[in-house]
Amino acid sequence: MIFDYNVIWENLPLYLGGVLVTLKLLLISLAFGLALAIPLGLMRVSKSALLNFPAWLYTYVIRGTPMLVQLFLIYYGLAQFDAVRESFLWPYFSSATFCACLAFGINTSAYSAEILAGSLKSTPHGEIEAAKAMGMSRAKLYRRILLPSALRRALPQYSNEVIMMLHTTSLASIVTLIDITGAARTVSSQHYLPFEAFITAGLFYLCLTFVLVRLFKHAERRWLAYLAPRKA
Amino acid sequence: MLDGYGSTILEGAWLTLMLALSSVTVAIFLGLLGAAFRLSPIRWLAILGETYATVIRGIPDLVLILLIFYGGQDLVNRVAPLLGYDEYIDINPFIAGVFTMGFIFGAYLSETFRGAFMAIPKGQSEAGAAYGMSGIKVFFRILVPQMIRFAIPGFTNNWLVLTKATALISVVGLQDMMFKAKSAADATREPFTFYLAVGALYLVLTSVSLLALRYVDKRYSVGTKAADL
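As given, the protein sequences belong to chains A and B, one line each in that order.
Note that numbering that gives the first Met the number 0 numbers the first sequence so that position 135 is 134, with each residue one more than the last.
Note that numbering that gives the first Met the number 0 numbers the second sequence so that position 35 is 34, with each residue one more than the last.
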């Protein structure tokens, strides 16, 4: 046999631990990213240049540079400054998990903000006019009409972003975390079986991707049913 | 500039650019092949194309890079002796990088190209067939030139993602600008400065790409009417 799968079988707990780490990184960075993305998305559709421009610059720079550079800037880069190392924040910034979540969160916030802005802009005119005709204030218009509908309509694109983020979390293995990729790298270097180790990691990601696709299909059926093509 | 590391980083930037351009060439070829397979009426070809696109897009780039780089090298050296070739085969990292990135982004481009082919009115290929053109001739003479316009927005996205993903190749030791920045950062203990500089270079690369592809889009859209919203 040219393939050796016993080693993978023995190291299965390591991979399963990696799945947990991957999911943890994914959930934390998505929650953080989405929380940032909503205000940023609103700024991106604002007519005021004072609000729009900073958000545009933020998303442009984040989306124009590689994730790896952003991660290294935060994890390795910030340590260059004495001010950071001496501050009360240093315990956080010296933790790989914290830095990875922060970098991933910032990254996904830029992409999600653009998705949300696109979705807000494509709100049908009639809905906004109707809300205004009902005498809604701007805040109420956003809270009751624009955001609920835009967030729903952003779902298909956001599902792509979530899957991209799942894949992005693999970069955590570069900053020493033992996620799925990290587990594979450990197995690969300990047993010198790169092919088996990384194929296994690939299979885990493939399964997680399929699960996410399924989950979003369900979410779309629940929240976007009114936009689904009519059944013949 | 940059403690004398400026020129090595620029050398790395050149390698990044070459890597991105060579991989996108491979990716375009594989993407066209993948799209043609997925749209083909022959069932097993369609399934093959579908599997390629789904599996590759379901696995992170980094894992694929590690798999193809280390796993591929390992596999080649395990299979070669069975074929009666006993020397250790060392794959050139640049070539390996180009094929790895090309193979990954071929899958993404096959999706873009498939959508673009489907956007072409059916009458076009039917007219080609009516003129007695063979399937391959219809594909290259009628479909491909019209597909380009529909594919530009998706292609722009994929090119930007590919350019940024080349940074991952530094992890397996190819000396692109990310790799050079890491060496410079380790030597000078000024990581922030160097990663920021490299980040700026990537931003220049992506901005120039955006402008260039916007121009191409304008050229290819001459004579078409945009929907008036």
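We put the beta carbon where it would ideally sit given N, CA and C, even for glycine.
Output, in chain order, the set of chain B residues within a Cβ distance shorter than 7 Å of residue i.
i	result
A:T208	G57
A:A67	According to the sequence displayed, residue 67 of chain A carries Leu and not Ala. Result: A166, L167 and M177.
Find the nearest neighbour of residue i within the set the options, judged by alpha-carbon distance.
i	options	result
B:F138	B:L20, B:A115 and B:V25	B:A115
B:L210	A:S47, A:T21, A:F103 and A:G63	A:G63
A:S234	A:Y74, A:S86 and A:F80	Residue 234 of chain A lies beyond the residue range present for chain A, which begins at 0 and ends at 231; the question has no answer from this structure.
A:A102	A:R84, A:G76 and A:K216	A:G76
B:T176	B:L14, B:S124, B:G3 and B:D2	For the record, residue 176 of chain B in the displayed sequence is Met; it is not Thr. Nearest option by C-alpha distance: B:L14.
B:V97	B:L63, B:V75 and B:L47	B:L63
B:W158	B:L18, B:Y87 and B:Y84	B:L18
Helix, strand or coil: how does DSSP classify residue i here?
i	result
B:N91	coil
B:G127	helix
A:Y75	coil
A:S28	helix
A:A99	helix
B:G57	coil
B:D185	helix
B:D216	helix
A:M0	The pLDDT assigned to A:M0 is 48, lower than 50, so where the model puts this residue is not dependable, and the model offers no usable value.
B:A26	helix
A:V18	helix
B:Y194	helix
A:D81	helix
A:Y191	coil
B:G101	helix
A:S158	helix
B:I41	coil
A:F87	coil
Does any CB atom of chain E fall closer than 8 Å to the CB of residue i?
i	result
B:L161	The structure shown has no chain E; the protein chains it does contain are A and B.
Going along chain B, which residues have a C-beta under 8 Å from residue i?
i	result
A:S158	None at all; the shortest Cβ gap to chain B is about 13 Å.
Let me know if residue i comes out buried or exposed under the rule of 16 or more other beta-carbons within 10 Å of its beta-carbon.
i	result
A:S188	exposed
A:N159	exposed
B:K231	Any question about residue 231 of chain B goes unanswered here, given that chain B covers just 0 to 228.
A:C206	exposed
B:R140	exposed
A:H166	buried
A:A48	exposed
A:S136	exposed
A:L145	buried
List the residues of chain B that residue i touches, going by C-beta distances under 9 Å, in chain order.
i	result
A:V60	G198 and L202
A:Y110	In chain order: nothing, as chain B lies at least about 11 Å away.
Determine the chain A residues that contact residue i at a beta-carbon separation under 7 Å, and present them in chain order.
i	result
B:L61	S169, L170 and T180
B:V170	I173
Quick one: which chain A residues come within Cβ less than 8 Å of residue i?
i	result
B:L18	Neighbours of B:L18 on chain A: none; closest Cβ ~13 Å, over 8 Å.
List the residues of chain A that residue i touches, going by C-beta distances under 9 Å, in chain order.
i	result
B:V54	G201 and L205
B:Y51	What B:Y51 touches in chain A: nothing, since even the nearest Cβ is about 13 Å away.
* Against chain B: residues of the region 175 to 201 of chain A by CB proximity under 9 Å -> I179, T180, A183, R184, S187, Y191, L192, P193, F194, E195, A196, F197, I198, A200 and G201
* Report the residues of the region 183 to 194 of chain B with a CB closer than 8 Å to any CB of chain A, ordered along the chain. => A184, R188, E189, P190, F191, T192 and Y194
* In the region 71 to 87 of chain B, which residues sit with their C-beta less than 9 Å from some C-beta in chain A, listed in chain order? -> G71, Q72, D73, L74, R77, V78 and L81
* **Under 7 Å (Cβ pairs) to chain A, residues found in the region 203 to 223 of chain B** => T205 and S206
* Given a limit of 8 Å on CB to CB distance, which residues of the region 64 to 88 of chain A reach chain B? -> T64, P65, M66, L67, V68, Q69, F71, L72, Y75, G76, L77, A78, Q79 and F80
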